[in-house]
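One structure is given here, and the rest of the page talks about it.
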Amino acid sequence: MVDGPNLLHHPRLRAQPPKMLLHWRLRSGFTPRRSEIIRENSFFSEIPPFHWSPLALPFPPLYNTPPCETPMPFSIRPFPLLPVRHKANTYHAGLMFRRVLSFILITLCLSFTTFQAKARGAETNTTNCDTQTEGQWAWVDRSGKNRTHEELQNILKQHQTWFDTAKKEGKQADLSGTKLKRADLHSVNLSEANLTDSDLSYTDLTRAILNQTNLRGTNLQCARLNETYLQGADLTNVDLSRTIISSKSNFAGTILVRASLKGQILHDINFSSADLTEADLSATNLTNMAFTDVNFRDANLRGALLVHTNMSVAHLEGADLFGATYEVDTHPKTSSIAYAKNIEYMTYESDPSSLAHLRAEFKVAGFRDQERKITFALKSRQVETLWETCENAKGNCFEYFVNRYLFDLTSQYGMNPGRVLLTILTIFGVSTVLYWGLIHFSKDSGLSINVPLDHDRTNQPLWLKADLSKDGQLIRESGVETKKGYKVLPRQLHQFKNLAYCREWMRRERALLWVSFVFSLMSTFNIKFRDVDFGRWLKQLTTREYEIKAVGFARTVSGIQALLSVYFIALLLVTYFGRPFE
64 MVDGPNLLHH PRLRAQPPKM LLHWRLRSGF TPRRSEIIRE NSFFSEIPPF HWSPLALPFP
124 PLYNTPPCET PMPFSIRPFP LLPVRHKANT YHAGLMFRRV LSFILITLCL SFTTFQAKAR
184 GAETNTTNCD TQTEGQWAWV DRSGKNRTHE ELQNILKQHQ TWFDTAKKEG KQADLSGTKL
244 KRADLHSVNL SEANLTDSDL SYTDLTRAIL NQTNLRGTNL QCARLNETYL QGADLTNVDL
304 SRTIISSKSN FAGTILVRAS LKGQILHDIN FSSADLTEAD LSATNLTNMA FTDVNFRDAN
364 LRGALLVHTN MSVAHLEGAD LFGATYEVDT HPKTSSIAYA KNIEYMTYES DPSSLAHLRA
424 EFKVAGFRDQ ERKITFALKS RQVETLWETC ENAKGNCFEY FVNRYLFDLT SQYGMNPGRV
484 LLTILTIFGV STVLYWGLIH FSKDSGLSIN VPLDHDRTNQ PLWLKADLSK DGQLIRESGV
544 ETKKGYKVLP RQLHQFKNLA YCREWMRRER ALLWVSFVFS LMSTFNIKFR DVDFGRWLKQ
604 LTTREYEIKA VGFARTVSGI QALLSVYFIA LLLVTYFGRP FE
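In case it helps, our numbering puts the sequence shown at residues 64 to 645.
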């Protein structure tokens with residue numbers, strides 16, 4: 064029996080066809096070459112018999128057929144292949160590439176699975192706030208020593224005696240730095256106690272009395288504050304975003320500086336005279352809440368829901384009201400909310416009367432910028448309503464695009480007149496560059512200087528005389544030749560030395576840019592408004608009698624520039640001196 068590698072060189076098999084050779088190699092237990100498999104396949108019968116390198120997965124191991132049995136029918140139709148000259152190197156490189164790719168895919172799958180597991184775990188931790196304890200409960204003091212439930216009850220009794228006897232007997236509770244996780248503090252009195260940096264997560268504080276208690280930095284995750292009294296308590300830097308706060312809790316006079324109430328749904332809770340300076344109330348539902356004399360200075364109220372809220376005497380200086388729904392029943396002081404941030408991005412759900420009332424108060428008080436911001440807020444919400452009803456009413460679609468592109472993007476409904484001025488300057492600058500480019504690179508388009516026929520040479524501008532065509536073109540007006548036009552052409556520069564050539568080039572370009580600048584300025588004010596004709600005034604500023612006219616495509620550019628400029632100039636005047644969107 065001849066071994067596999069020398070099978071094809073056996074003298075009895077050299078003249079056999081490829082299919083027979085393939086069968087012999089299968090019988091010998093040797094894996095055939097891929098080129099032989101391809102040649103045996105009818106689909107690749109036209110492919111020349113040189114080595115190939117696959118772009119698909121490696122072939123599975125072939126069946127070894129004993130010599131005495133008929134070989135199994137063998138037909139493999141691989142993926143399209145690419146011919147290469149070095150089969151071994153290409154095969155191993157491709158195999159390594161596939162292994163690396165498989166490793167990357169497996170790593171990505173495992174990372175995605177881990178991320179999903181963490182997300183599910185975070186969601187579970189957010190929603191599962193069960194305060195029940197299993198087995199014997201214990202707590203840890205600030206020194207890390209385990210304490211029993213009886214020891215905690217003794218501390219609470221001592222504090223109750225201290226509070227009832229006006230600090231004469233008993234002892235004030237000092238539970239700072241302790242871990243009271245899942246403690247049952249139902250209806251306990253910890254007024255004026257020290258709970259700084261303690262862990263009260265999952266604690267039941269239903270009907271507990273925590274008036275003037277020091278709770279700075281306390282962990283209240285998943286703690287239950289049902290009808291809890293926190294009047295005058297210090298909750299500075301406390302995260303209450305995952306605390307269960309039910310109705311009838313009392314936060315009157317509570318210090319909530321830099322506290323977090325993010326995403327909370329608060330109903331029927333007393334926050335009168337509370338200090339919420341720099342507090343985070345983003346995305347908080349404050350419907351039907353009373354915030355009488357509450358300090359919201361520098362607080363985060365982004366996306367807060369202020370529907371039927373009492374904001375009388377509330378201080379909102381520096382508060383961020385981006386995206387807040389403003390439908391309050393009682394408004395804060397005008398001088399207070401006028402200095403709040405992002406009031407132009409406030410909105411309403413269905414009732415715009417609160418924002419309209421606030422705009423009227425700004426108008427009476429003389430806060431012109433704030434009045435424009437509220438106008439922008441009202442118009443933006445109206446345009447959003449048009450887009451929401453666009454499918455049912457096609458006319459709303461047209462009105463939406465008109466308001467969006469002609470008034471919102473240009474001036475923000477009069478809130479930003481400087482944007483209109485910037486647009487005018489942009490159109491002016493772009494047109495100037497276009498005129499300058501047409502003078503240089505176009506034969507049929509550009510600018511020309513028209514002068515009276517009787518004094519055609521003396522009326523030509525001296526600063527541009529070298530860049531005018533020598534032969535002018537006669538211009539007829541009412542059938543009479545009255546003017547002569549000279550096209551502006553960049554003059555040919557002489558071959559000077561480097562410095563002289565640069566100086567001459569700068570003189571030429573300065574003259575061409577100046578004529579483009581002047582004509583662009585005249586086109587900006589070309590269309591007069593009633594008796595105001597700025598274009599005619601500009602012509603009278605020259606010491607010589609001539610006109611600058613556009614030729615060819617430059618006329619189209621000039622017309623478009625004039626139309627856009629007259630619209631934006633009118634919009635600038637109306638929005639700056641008037642109130643067109645009220």
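From the three backbone atoms N, C-alpha and C, an ideal C-beta is built for every residue, glycine too. Computed from a prediction, not measured in an experiment: that's the story for all the values here.
Which residue marks the beginning of the alpha helix (DSSP H) containing residue i, and which one marks its end?
{"i": "Ile328", "result": "Element bounds for Ile328: n/a, residue is neither H nor E."}
{"i": "Ala563", "result": "Asn561 to Thr587"}
{"i": "Thr438", "result": "Arg431 to Glu451"}
{"i": "Pro480", "result": "Pro480 to Phe504"}
{"i": "Gly622", "result": "Phe616 to Phe640"}
{"i": "Arg422", "result": "Ser416 to Ala428"}
{"i": "Asn459", "result": "Lys457 to Val465"}
Below 6 angstroms CB to CB, which residues in the same chain sit around residue i once its five sequence neighbours on both sides are set aside?
{"i": "Ala185", "result": "Low confidence applies to Ala185: its pLDDT is 46, below 50, so where it sits in the model is not reliable, and the reading given next is rough at best. There are no such residues."}
{"i": "Arg435", "result": "Gly477 and Met478"}
{"i": "Ser58", "result": "Residue 58 lies beyond the residue range present for the chain, which begins at 64 and ends at 645; the question has no answer from this structure."}
{"i": "Gln433", "result": "Ala401 and Phe425"}
{"i": "Trp200", "result": "His212"}
{"i": "Gln223", "result": "Asn252"}
{"i": "Arg210", "result": "Trp202 and Asp204"}
Since I believe residue j is in contact with residue i (beta carbons under 8 angstroms), could you give me their beta-carbon distance rounded to a whole number of angstroms?
{"i": "Leu248", "j": "Ala271", "result": "5 angstroms"}
{"i": "Leu369", "j": "Asp338", "result": "Not quite, the Cβ-Cβ distance comes to about 19 angstroms (not below 8 angstroms), so this is no contact."}
{"i": "Ile328", "j": "Asn348", "result": "4 angstroms"}
{"i": "Ala286", "j": "Leu298", "result": "Their Cβ separation, rounded to whole angstroms, is 12 angstroms, which puts Ala286 and Leu298 out of contact at 8 angstroms."}
{"i": "Val251", "j": "Leu219", "result": "6 angstroms"}
{"i": "Leu527", "j": "Val493", "result": "No, Leu527 and Val493 are not in contact; Cβ-Cβ is about 22 angstroms, not under 8 angstroms."}
{"i": "Trp225", "j": "Leu215", "result": "Actually they are not in contact, since the Cβ atoms of Trp225 and Leu215 sit about 16 angstroms apart, beyond 8 angstroms."}
{"i": "Lys547", "j": "Val514", "result": "6 angstroms"}
{"i": "Asn313", "j": "Tyr292", "result": "5 angstroms"}
By Cβ distance below 8 angstroms, which residues in the same chain neighbour residue i in space, the five residues on each side in sequence not counted?
{"i": "Thr438", "result": "Arg422, Tyr476, Gly477, Met478, Arg642, Phe644 and Glu645"}
{"i": "Ala430", "result": "As written in the sequence, residue 430 is Phe, which differs from the Ala given in the question. For Phe430, where only same-chain residues beyond five positions count, the Cβ hits under 8 angstroms are Thr397 and Ala401."}
{"i": "Glu412", "result": "Val370, Thr388 and Glu390"}
{"i": "Gln221", "result": "Gly233, Lys234 and Ala236"}
{"i": "Asn459", "result": "Leu449, Trp450, Thr452 and Cys453"}
{"i": "Asp260", "result": "Ser239, Gly240, Arg279, Gly280 and Thr281"}
{"i": "Ser336", "result": "Ala315, Gly316, Thr355, Asp356 and Val357"}
Using C-beta distances below 7 angstroms, list every residue in its chain close to residue i, excluding the 5 sequence neighbours before and after it, in chain order.
{"i": "Asn282", "result": "Asp262, Leu263 and Ser264"}
{"i": "Lys311", "result": "Glu290 and Asp331"}
{"i": "Phe359", "result": "Leu339, Ala377, His378, Leu379 and Ala382"}
{"i": "Ala625", "result": "Ser586, Asn589 and Ile590"}
{"i": "Arg405", "result": "In the sequence on display, residue 405 carries Asn and not Arg. Only Asp383, Leu384 and Phe385 meet the Cβ criterion."}
{"i": "Ile632", "result": "Ile487"}
Would you call residue i buried or exposed, if buried means 16 or more other Cβ atoms sit within 10 Å of its Cβ?
{"i": "Asn466", "result": "buried"}
{"i": "Glu341", "result": "buried"}
{"i": "Val496", "result": "exposed"}
{"i": "Leu449", "result": "buried"}
{"i": "Glu407", "result": "buried"}
{"i": "Arg162", "result": "exposed"}
{"i": "Val427", "result": "exposed"}
{"i": "Ile167", "result": "exposed"}
{"i": "Tyr549", "result": "buried"}
{"i": "Ala322", "result": "buried"}
{"i": "Ser532", "result": "exposed"}
{"i": "Leu510", "result": "buried"}
{"i": "Ala256", "result": "buried"}
{"i": "Arg245", "result": "buried"}
{"i": "Ser206", "result": "exposed"}
Along the chain, where does the beta strand (DSSP E) that runs through residue i open and close?
{"i": "Ile400", "result": "Not the beta strand (DSSP E): Ile400 falls in the alpha helix (DSSP H), residues Thr397 to Ile400."}
{"i": "Thr211", "result": "Asn209 to Thr211"}
{"i": "Tyr389", "result": "Thr388 to Glu390"}
{"i": "Asn513", "result": "Gly509 to Pro515"}
{"i": "Gln536", "result": "Gln536 to Glu540"}
{"i": "Trp200", "result": "Careful: Trp200 lies outside any beta strand (DSSP E) and carries neither H nor E."}
{"i": "Val370", "result": "Leu368 to Val370"}
Considering only heavy atoms of the ligand GDP, does any lie closer than 6 angstroms to the CB of residue i?
{"i": "Glu608", "result": "Absent from the structure shown: the ligand GDP. Ligands present: none."}
*Three or more beta-carbon pairs under 8 angstroms between the segment 598-607 and the segment 633-642, yes or no?*
no
*How about the segment 420-429 and the segment 392-402: do they share at least three Cβ pairs that are nearer than 8 angstroms?*
With three or more CB-CB distances shorter than 8 angstroms, the segment 420-429 counts as touching the segment 392-402.
*Would you check if there are 3 or more beta carbon pairs closer than 8 angstroms linking the segment 463-470 to the segment 606-615?*
no
*Is it a yes or a no for the segment 486-499 touching the segment 441-461, going by three-plus beta-carbon pairs under 8 angstroms?*
No contact exists between the segment 486-499 and the segment 441-461.
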